[in-house]
Each structure stands twice: as C-alpha cells, then as structure tokens.
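Residue numbers (the numbering used here): 1 to 445.
No residue lacks a Cβ here, since even glycine has one placed at the ideal position from N, Cα and C.
Presented below is the structure to which this report refers.
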Amino acid sequence: MASHTLVWEEKQLMKQLMLEQLLNRQEKLAVIGLGYVGLPIALEFAKKMDVVGFDINQERVDLMNNGVDPSKELDASAFENKSIQFTANPEDLRDVSFYVVAVPTPINKFNTPNLNALLSATRTVGNVLSKGDYVVYESTVYPGCTEEDCLPILEELSGLKLNEDFKLGFSPERINPGDKKHTLTKITKVVSGSDEASLKVISDVYASIIEAGVHEASSIKVAEAAKIIENTQRDVNIALMNELSVIFNKMDIPTYEVLEAAGTKWNFLNFYPGLVGGHCIGVDPYYLTYKASSIGYNPEVILSGRRINDSMPEYVAKEVVKSLIEKDKPLKNARILVKGITFKENVADIRNSKAAELVLALQEYFKQVDVVDLHADAEEVKHEYGIELGEESGKYDVIIFAVSHEQYNSITPNQLHEFATDDVLLFDLKNIFKGNFNGIPCWTL
Ligand SMILES: NC(=O)c1ccc[n+]([C@@H]2O[C@H](COP(=O)([O-])OP(=O)(O)OC[C@H]3O[C@@H](n4cnc5c(N)ncnc54)[C@H](O)[C@@H]3O)[C@@H](O)[C@H]2O)c1
Numbered sequence: 001m002a003s004h005t006l007v008w009e010e011k012q013l014m015k016q017l018m019l020e021q022l023l024n025r026q027e028k029l030a031v032i033g034l035g036y037v038g039l040p041i042a043l044e045f046a047k048k049m050d051v052v053g054f055d056i057n058q059e060r061v062d063l064m065n066n067g068v069d070p071s072k073e074l075d076a077s078a079f080e081n082k083s084i085q086f087t088a089n090p091e092d093l094r095d096v097s098f099y100v101v102a103v104p105t106p107i108n109k110f111n112t113p114n115l116n117a118l119l120s121a122t123r124t125v126g127n128v129l130s131k132g133d134y135v136v137y138e139s140t141v142y143p144g145c146t147e148e149d150c151l152p153i154l155e156e157l158s159g160l161k162l163n164e165d166f167k168l169g170f171s172p173e174r175i176n177p178g179d180k181k182h183t184l185t186k187i188t189k190v191v192s193g194s195d196e197a198s199l200k201v202i203s204d205v206y207a208s209i210i211e212a213g214v215h216e217a218s219s220i221k222v223a224e225a226a227k228i229i230e231n232t233q234r235d236v237n238i239a240l241m242n243e244l245s246v247i248f249n250k251m252d253i254p255t256y257e258v259l260e261a262a263g264t265k266w267n268f269l270n271f272y273p274g275l276v277g278g279h280c281i282g283v284d285p286y287y288l289t290y291k292a293s294s295i296g297y298n299p300e301v302i303l304s305g306r307r308i309n310d311s312m313p314e315y316v317a318k319e320v321v322k323s324l325i326e327k328d329k330p331l332k333n334a335r336i337l338v339k340g341i342t343f344k345e346n347v348a349d350i351r352n353s354k355a356a357e358l359v360l361a362l363q364e365y366f367k368q369v370d371v372v373d374l375h376a377d378a379e380e381v382k383h384e385y386g387i388e389l390g391e392e393s394g395k396y397d398v399i400i401f402a403v404s405h406e407q408y409n410s411i412t413p414n415q416l417h418e419f420a421t422d423d424v425l426l427f428d429l430k431n432i433f434k435g436n437f438n439g440i441p442c443w444t445l
C-alpha cells in the first residue's frame with residue numbers, strides 16, 4: 001500500500017512538474033520542423049510558455065522572424081505577443097525539456113516511406129536530449145516507427161534510457177490546410193506515451209492548448225495507427241467514388257446525381273470523386289502498405305484504391321481527347337486552359353498535386369495547355385513540375401476547372417466568354433457548376 005502511494009505521488013509530482021514548469025517558464029518546449037503542422041502548434045504553445053521554433057531552413061526561419069508564415073496559412077497577427085524564438089541553430093535546443101517533432105514524412109518514387117527528415121530531426125533531438133525530457137512525434141508514420149526507428153537513435157546519441165531517463169510520445173496532427181473551421185485547437189488531439197505516467201504528462205501539456213480536448217490512446221502504436229487509418233479510409237472511399245464515376249461516365253449517368261439520390265439513405269457515406277493529391281491522403285496509405293508488406297501481408301483494398309486515385313489525371317486527359325473527337329473538333333491545334341493547379345481548393349500548396357499531373361498528361365496530347373492559379377507560386381510550380389503559370393490569353397476550346405478555388409464559384413458568363421470559344425467544352429472536375437454553366441453542359445467526374 002505504501003509503495004503504491006509512493007508511485008502514485010511520484011507520478012502526480014512528475015505530471016505537475018512538467019506542465020507547471022513549462023507554464024512558469026522554468027522549462028522550454030521546442031517544435032522541430034515549422035511547416036503547415038509545426039508552426040501553428042509552436043505559436044499556440046507560445047501563447048502560454050517559452051517556445052523554441054527550430055527549422056533547418058534558414059530562409060524560412062528568417063521569414064518567421066519577420067512575422068511571415070512561409071506556408072502562407074497564417075497571417076502576421078498570428079506571430080504577435082508570442083514567446084517564441086525561431087532558430088536554425090541546434091545549440092538553441094540545449095535547454096529545452098519538451099520536444100515536439102513535426103517534420104515531413106513523404107514517400108520516395110517507389111511509393112515507400114522516406115524517413116530522411118524524421119531520422120535527421122531525431123538525431124538533432126538525440127544530440128541535445130537530457131534526463132527528464134519528453135520527445136513527442138507528430139509526423140505521420142506507420143505503426144511502430146516511433147519506437148522501432150526513432151527511439152534507438154535517441155537512446156544511442158543521448159546515452160539515456162527510455163522511461164528511466166526520458167519519455168516518448170506520439171500525437172498525430174489532424175489539421176486540414178485551408179480549413180478555417182477545424183483549426184488546431186478545435187480538433188480533438190490523440191495523445192500517447194511510452195508509459196502511464198508520461199501519457200498523463202503529455203496529455204496535460206496538450207490539453208493546456210487544445211480546446212476540443214485530448215483522447216488518450218493506450219499506446220504509441222495505437223496513436224500512430226489511428227492517424228494512418230483516418231487518411232487511408234478517406235483515400236479508399238474516394239477511390240470507390242472515382243471508380244463509380246468511371247463506370248457511370250461510360251453509361252452516360254451523371255455521378256453527382258446518383259450520389260445525391262443515394263445520399264438520402266441515412267447510412268450512405270458522404271464522399272465524392274476527385275483528384276487525390278497533397279502530402280497526406282495520397283501518401284499516408286503507402287506508409288501502412290509498406291509496413292503491412294514488411295510483415296508479410298499484401299494489402300489489396302488499400303493498394304487498389306491508391307491505383308485508382310493515381311490513375312485519375314490520365315483518365316481525365318483521355319476524356320478531354322475523346323470529347324474533342326466526339327464534337328468533331330480538330331485535336332492538333334486545340335487550345336486548352338486549366339484553372340487551378342494546387343493540390344486542393346483555396347491553398348497555395350502544390351505538393352503531389354494531381355491537377356499538375358493532369359496538366360502534364362494533357363501536354364502529351366496538346367501543344368497549347370495554359371495554366372492559371374490564383375494561389376500557387378509560379379516559381380515553385382516551374383521548379384516542381386516544369387509548368388509555366390500565366391494569365392488567360394485568347395480563346396480556349398477546352399476549359400478545365402481542376403480545383404474548386406472559391407473565386408471560381410462567382411465567375412460570370414461574360415467573364416467566361418472573354419476567354420472561351422463559342423462552342424467551348426467545359427470540364428468541371430469538382431462539380432462547381434452542377435453539370436451546367438449558363439446553358440453549357442459541363443463534364444464532371
Ligand atoms: N500539412 C498537413 O495538413 C498535415 C496534416 C496532418 C499531418 N501532417 C503530417 O505532419 C508532418 C509535417 O508535415 P508538414 O505539412 O507540416 O510539412 P512541411 O513540409 O510543411 O514542413 C516541414 C518543415 O520541416 C522542416 N524540416 C525538414 N527537415 C527538418 C529537420 N531535419 N529538422 C528540422 N526541420 C526540418 C522544413 O524545412 C519545413 O519547414 C508530416 O508527417 C505530415 O504527414 C501534415
């Protein structure tokens with residue numbers, strides 16, 4: 001009984017100590033990797049405690065020091081009245097005791113995990129880790145990665161032992177770029193820890209900033225798996241919609257009308273066809289399939305979903321060719337306009353953009369494919385895809401609304417006819433115009 005009480009008291013003390021010391025500014029919290037995920041979390045913690053924001057990219061650090069978010073999600077006011085030091089110098093991490101790692105976890109060209117940034121950030125932390133510290137990963141990974149790939153590096157470089165000397169945790173990020181409603185503090189945060197005591201500490205530290213509350217997962221692997229299946233579930237469901245769209249297009253049945261009708265049933269799920277790009281939904285399932293294959297299971301449903309979603313740009317490009325042929329329009333000199341190149345609506349992010357892949361696929365068939373986008377950075381697009389962004393010029397035979405940027409909703413017939421031939425073919429991949437733009441039928445997915 002006595003020893004039980006002691007352990008409990010010890011736990012209570014540890015718990016109070018870390019959060020209290022952070023709030024009293026006796027200890028510091030650091031965020032490693034200040035991108036779409038890391039910067040908002042660092043700024044949120046910096047409302048309440050002293051934060052070190054570390055990033056290897058000095059140019060990005062300079063921008064943040066001037067109150068500019070390099071990812072263009074936050075405005076200057078987000079940087080005001082925050083206790084945060086932006087730095088690219090790992091030495092500034094030495095007196096930190098709570099580390100949050102939020103670096104990219106992309107895939108390589110063979111669709112397998114590229115852990116370079118994650119392991120490099122882990123080495124940075126391992127070199128400065130000291131007794132009593134916490135390390136919490138937020139980067140999306142396959143179940144097992146935190147304990148099997150990152151932990152050995154932390155232990156080796158620091159000479160410290162997990163749970164005896166330092167604690168480990170995983171807390172996946174769920175923010176949705178461009179979404180002004182489901183922002184960081186308004187989404188329930190899943191937290192996990194390497195033992196019961198650390199779970200409580202990590203849970204309390206996050207609960208101090210997350211209004212929506214935290215969900216305590218029973219283990220690090222459970223938290224890792226939860227994140228990966230959220231995006232895998234979306235990916236597979238969208239793949240089903242894309243497959244239905246291919247079938248219904250062949251049968252001249254408007255897919256969106258079918259979905260509207262089916263959606264009147266109470267348990268029909270709300271998914272639509274579309275181009276699945278970006279760094280999450282199209283990437284995370286490959287982390288799971290990689291892990292599944294490594295333990296001898298060949299995932300079939302997940303991978304076929306991935307194949308279908310990855311094939312959609314080429315499918316749309318072929319549909320453009322078919323539509324021109326059906327309308328007896330000359331293919332060779334057809335002028336094509338693509339509106340939108342970012343990976344989704346209302347963001348500047350072009351990573352893994354399927355709209356960009358659509359442009360590249362169209363360039364295989366047509367000489368003149370012009371691309372416009374009000375959010376994307378022209379230099380970045382050129383660098384990433386070799387595609388020139390420009391303005392509309394002249395009249396186009398085919399106009400493809402590839403991304404549903406908000407501004408496209410209010411386009412008027414007069415505005416459209418400024419850059420459309422009289423018998424223009426409209427492709428509206430996101431169903432902005434519900435099948436018809438001022439009497440012009442629209443091809444939709
Ligand atoms: N963007 C999202 O909406 C989102 C949502 C949920 C989860 N995630 C996951 O969060 C993680 C981070 O994604 P992101 O979109 O914020 O990435 P990002 O590319 O926007 O930003 C990553 C930042 O990390 C920096 N960086 C790279 N290597 C580093 C290193 N070794 N040390 C320090 N800094 C380093 C980069 O310079 C960059 O500033 C990924 O695992 C991603 O899958 C992202």
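Here the alpha carbon of residue 286 sits roughly 7 Å from the alpha carbon of residue 113. For the pair residue 30 and residue 136, the CB atoms are not nearer than the 7 Å cut-off. Residue 366 has its alpha-carbon roughly 16 Å from the corresponding atom of residue 394. Measuring C-alpha to C-alpha distances from residue 126 to each of 425, 415, 296 and 159 identifies 159 as the nearest. The C-beta of residue 333 has fewer than 16 other C-beta atoms within 10 Å across all chains shown, which makes the residue exposed.
Looking at the DSSP output, residue 368 shares a beta bridge with 335. From the listed residues 355, 370, 134 and 351, the smallest Cα separation to residue 107 is found for 351. In the DSSP assignment, residue 426 falls within the unbroken beta strand (DSSP E) covering 420-428. Of the candidates 144, 182, 194 and 176, the residue whose Cα lies closest to the Cα of residue 164 is 194.
Judged by their CB atoms, residue 239 and residue 305 are nearer to each other than the 7 Å cut-off. When beta bridges are read from the DSSP output, residue 134 appears opposite 98 and 167. Residue 86 is positioned such that its CB atom lies no closer than 7 Å to that of residue 51.
Checking the 6 Å criterion, the Cβ of residue 220 is out of range of every heavy atom belonging to ligand 1. The nearest non-hydrogen atom of ligand 1 is 6 Å or more from the C-beta of residue 206. In its chain, beyond the 5 residues on either side, 143 have a beta carbon closer than 7 Å to the beta carbon of residue 225. Counting only runs of 4+ residues, the alpha helix (DSSP H) found wholly inside the stretch 33-120 occupies 38-45 and 58-65, in chain order. When secondary structure is reduced to three states using DSSP, residue 162 falls in the strand class.
The stretch 404-418 and the stretch 333-346 touch, with no fewer than 3 CB-CB distances between them shorter than 8 Å. Annotation: residue 250 is outside any beta strand (DSSP E); the continuous alpha helix (DSSP H) that includes it extends over 220-250. Assigned with DSSP and collapsed to three states, residue 211 falls in coil, not helix or strand. Non-local C-beta neighbours of residue 205 in its own chain, meaning closer than 7 Å and more than five positions away in sequence, comprise 18, 19, 22 and 98, ordered along the chain. Apart from the 5 residues on each side of it in sequence, residue 292 sits with its Cβ closer than 6 Å to the Cβ of 299 in its chain, given in chain order. Residue 355 and residue 416 do not touch by the CB rule: their CB atoms are close to 19 Å apart, not below 8 Å. Here residue 354 carries a helix assignment [DSSP, helix/strand/coil].
For residue 285, the enclosing alpha helix (DSSP H) starts and ends at 284-294. A direct Cα-to-Cα measurement between residue 65 and residue 232 gives close to 36 Å.
Counting C-beta pairs closer than 8 Å gives three or more between the stretch 202-217 and the stretch 174-194, which meets the contact rule. Bridge partners of residue 436 according to DSSP: 441. The three-state reading of DSSP puts residue 154 in helix, counting H, G and I together. If you draw a straight line from the Cα of residue 179 to the Cα of residue 162, it comes to about 37 Å. Setting aside the 5 residues that flank it on each side, residue 175 is surrounded in the same chain by 36, 37, 40, 182, 183, 184 and 187, each with a C-beta closer than 8 Å to its C-beta; the list follows chain order.
No heavy atom of ligand 1 is found nearer than 6 Å to the CB of residue 192.
Not a single heavy atom of ligand 1 lies less than 6 Å from the C-beta of residue 231.
The continuous stretches of beta strand (DSSP E) do not include residue 320, which lies in the alpha helix (DSSP H) extending over residues 301-326. Within the same chain, 188 come within 6 Å of residue 213 by CB-CB distance, once the 5 residues on both sides are set aside.
Secondary structure at residue 141: coil, using DSSP grouped into helix, strand and coil.
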